[in-house]
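Scroll down for the structure; my scribbles are underneath it.
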RNA sequence: GGCGUUGUAGCUCAGUUGGUUAGAGCGCCGCCCUGUCACGGCGGAGGUCGAGGGUUCGAGCCCCUUCAACGUCGCCA
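Numbering (the numbering used here), first residue to last: 134 to 727.
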């Protein structure tokens with residue numbers, strides 16, 4: 134290498150370097166070979182610089198002719214202004230080019246299976262198999278850098294607010310509630326298993342008992358459940374816990390965290406305070422405990438309009454009062470949809486769990502299968518409460534309260550999607566508070582916790598604790614963005630006896646409590662401070678910040694929807710000797726498996 | 001586990017009512033080209049039509065089974 138040359142990156146070739154000799158290295162982004170002259174676009178993590186290979190440089194020219202996409206080269210050359218009229222305004226380095234004097238091929242690349250030089254959509258399996266090539270592309274470079282900046286800003290924010298980062302172990306005890314655990318067999322202890330943490334929940338609470346005061350961690354969490362676009366077997370939370378605080382304190386800190394992240398990492402100002410909705414209100418207006426507030430189209434209760442209706446289906450539902458809902462949902466512009474379209478919409482509603490979907494269309498006349506049942510008074514009332522206009526359709530969902538809300542909420546999101554109202558460049562945050570403490574498990578009918586069993590109820594409900602547990606509200610708060618739950622938190626029970634009472638409500642006897650949570654209930658007896666916290670799903674935060682629709686696009690090495698790493702091919706069988714050492718025998722292997 | 005969509009060249013896709021030898025663009029290989037920047041021109045190679053079975057004189061196309069990817073429901077304290 135020329136010792137007199139200055140090392141620069143492919144993103145920093147500027148006119149200030151004119152006439153100096155520089156060294157730069159990178160990947161061959163593109164080669165434009167004109168026969169008598171060759172242009173190389175050289176790329177590294179900072180940008181692209183054009184290299185000029187002149188025919189007078191005989192040896193360099195001969196080597197450049199052999200270059201192919203993604204070969205790795207080092208160039209020594211002089212920075213020169215591009216001839217007038219040949220500047221490239223789309224490149225930050227487009228005013229200059231490097232006239233190559235030396236060219237060293239550092240590595241040859243095999244022909245890439247897909248183009249690295251653009252962000253065209255490629256089958257995701259292929260992207261993941263060759264993830265190192267995908268990571269070179271602009272999209273993943275940008276996403277991972279955004280991810281870094283968001284995490285960096287959050288770490289700094291919590292540091293400035295007196296939090297310290299504490300690492301918690303990955304090999305912990307299985308506590309078989311909630312999600313399925315990933316298990317790790319113990320070699321030393323035959324037949325025993327560690328679990329990988331679904332979250333550091335109990336550990337961070339014990340850190341509070343340990344006097345840490347303000348804890349945060351960029352924490353990896355592992356749950357053995359089926360992946361989705363917004364769920365991975367392993368994912369990252371920014372996990373927070375605080376002592377001697379109340380719900381409002383945690384919400385203020387976390388609100389500040391996301392607003393700071395958007396401002397300092399993304400350059401976007403989010404108006405504060407963030408809107409707050411009660412759980413009841415969210416379900417009533419949006420049919421969802423994570424409402425997408427980028428658009429209106431709110432759910433409208435119309436049961437009272439049908440109290441004396443000749444449409445008996447609705448009248449019967451309305452007669453059941455508060456246990457049921459009849460919801461009207463405006464679908465702007467849908468009056469022109471065909472019968473087929475509405476049939477498809479009804480199918481969709483049934484997929485969402487609806488028993489049926491009634492609808493009318495608004496125009497000079499009100500039409501639709503149920504129109505003939507509607508009195509003039511009902512028609513007027515419906516138009517008034519929904520605000521529907523000519524050209525709209527109105528959908529009706531009538532069912533038990535929770536089912537109707539849920540179906541209508543899903544339909545609302547679907548309509549918002551169809552109408553293009555879910556603009557990824559808009560960020561509509563909100564808090565949802567006042568969740569129930571307990572709920573019915575729809576399968577067993579038993580009482581289960583709505584969030585987790587360590588959540589404290591709102592104070593002042595003692596009178597109902599035993600008589601009507603389902604009426605209890607929790608000190609539990611969710612942060613929601615654009616219809617995604619970004620994070621969930623609560624004030625925790627810090628009284629050992631009360632925590633035990635909660636466990637009893639959930640059907641655990643003292644022996645089970647001792648076996649599963651004994652270490653924790655014991656810790657609570659030694660002066661646990663009042664405490665609470667929250668965790669934000671970083672992958673979802675960054676996904677939305679990047680305008681992506683899958684968290685796989687903001688994770689360097691994600692699993693596919695079958696929980697498989699297709700680059701490494703994991704999971705994979707292991708040698709019998711390893712199994713033996715772990716005291717494991719495989720009881721059955723399906724014959725079609727490899 | 002259920003449902004939906006998709007599966008054709010390395011990549012992105014087209015392929016009519018079932019009908020001769022399955023196509024395009026990009027990429028790849030060769031030749032030409034001195035100011036391009038998605039350089040251009042000429043030529044060429046490249047296919048288990050996801051897999052298996054069936055119907056048919058004949059299947060990329062129709063039927064059955066199956067696999068995979070993505071989306072979704074269940075699931076995700």
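Yeah, the Cβ is synthetic: ideal placement off N, Cα and C, and Gly gets one too.
If you draw a 10 Å sphere on the C-beta of residue 278, you find fewer than 16 other C-beta atoms in it, and that means exposed.
If you keep only unbroken alpha helix (DSSP H) runs of at least 4 residues inside the stretch 606 to 641, you get 629 to 638. When 476, 487 and 522 are compared, the shortest CA-CA separation from residue 495 is found for 522. Between residue 548 and residue 464, the beta carbon gap of about 5 Å places them in contact (Cβ cut-off 8 Å). Residue 200 and residue 408 have their C-alpha atoms some 57 Å from each other. Take residue 526, set aside five residues on each side of it, and the residues of its chain with a beta-carbon closer than 6 Å to its own are 464, 467, 468, 492 and 494, in chain order. Across the set 504, 685, 401 and 402, the C-alpha of 685 shows the shortest separation from the C-alpha of residue 361. The secondary-structure analysis by DSSP pairs residue 352 across a beta bridge with 370. Within 10 angstroms of the beta-carbon of residue 191 lie fewer than 16 other beta-carbons, which makes it exposed.
DSSP, reduced to helix, strand and coil, places residue 700 outside both helices and strands of the structure shown, so it counts as coil. If you check the CB distance, residue 665 and residue 625 come in under 8 Å. Closest option to residue 169, judged by alpha-carbon separation, among 660, 186, 287 and 154: 186.
Shown here, residue 292 sits in a helix according to DSSP, grouped into three states. Straight across, the Cα-Cα distance linking residue 412 with residue 404 is about 22 Å. Judged by beta-carbon spacing, residue 143 lies beyond the 8 Å limit of residue 173, meaning their Cβ atoms are not closer than that value. Around the CB of residue 271, fewer than 16 other CB atoms lie within 10 Å, so the residue is classed as exposed. Within the same chain, and ignoring the five residues on either side of residue 269 in sequence, the residues whose Cβ sits closer than 6 Å to its Cβ are 249. In the structure shown, residue 687 adopts helical secondary structure according to DSSP, grouped into three states. Check the Cα spacing between residue 694 and each of 244, 164 and 364: the tightest is with 364.
By DSSP's assignment, residue 457 forms a beta bridge with 533. Here the alpha carbon of residue 335 sits roughly 7 Å from the alpha carbon of residue 653. Going by DSSP, residue 709 is part of the alpha helix (DSSP H) stretching over 709 to 714.
DSSP, reduced to helix, strand and coil, places residue 229 within a strand of the structure shown. Your pair residue 371 and residue 668 checks out as a contact, with CB atoms roughly 7 Å apart and the cut at 8 Å.
Between the stretch 575 to 584 and the stretch 373 to 384, the count of Cβ pairs shorter than 8 Å is below three; the stretches do not touch. Each residue's CA atom was taken as its position, placing residue 317 and residue 229 some 56 Å apart. With respect to the 8 Å criterion, residue 506 and residue 395 are not classified as neighbours on the basis of their beta carbons. In the three-state reduction of the DSSP assignment, residue 265 falls in the helix class, which pools H, G and I.
According to DSSP, residue pairing for residue 563 in a beta bridge involves 613. Three or more pairs of CB atoms, one per stretch, sit closer than 8 Å, so the stretch 294 to 308 contacts the stretch 325 to 332. Exposure of residue 706 is indicated by the presence of fewer than 16 other C-beta atoms within 10 angstroms of its C-beta. Of all C-beta pairs linking the stretch 581 to 596 to the stretch 466 to 486, fewer than three are shorter than 8 Å, placing the two stretches out of contact. Contact check for residue 419 against residue 431 passes: the beta carbons are separated by less than 8 Å.
Our two residues, residue 311 and residue 512, have alpha carbons roughly 47 Å apart in a direct line. Going by beta carbons, residue 436 and residue 401 fall outside the 8 Å limit. Apart from the 5 residues on each side of it in sequence, residue 233 sits with its Cβ closer than 6 Å to the Cβ of 184, 186, 193, 208 and 210 in its chain, given in chain order.
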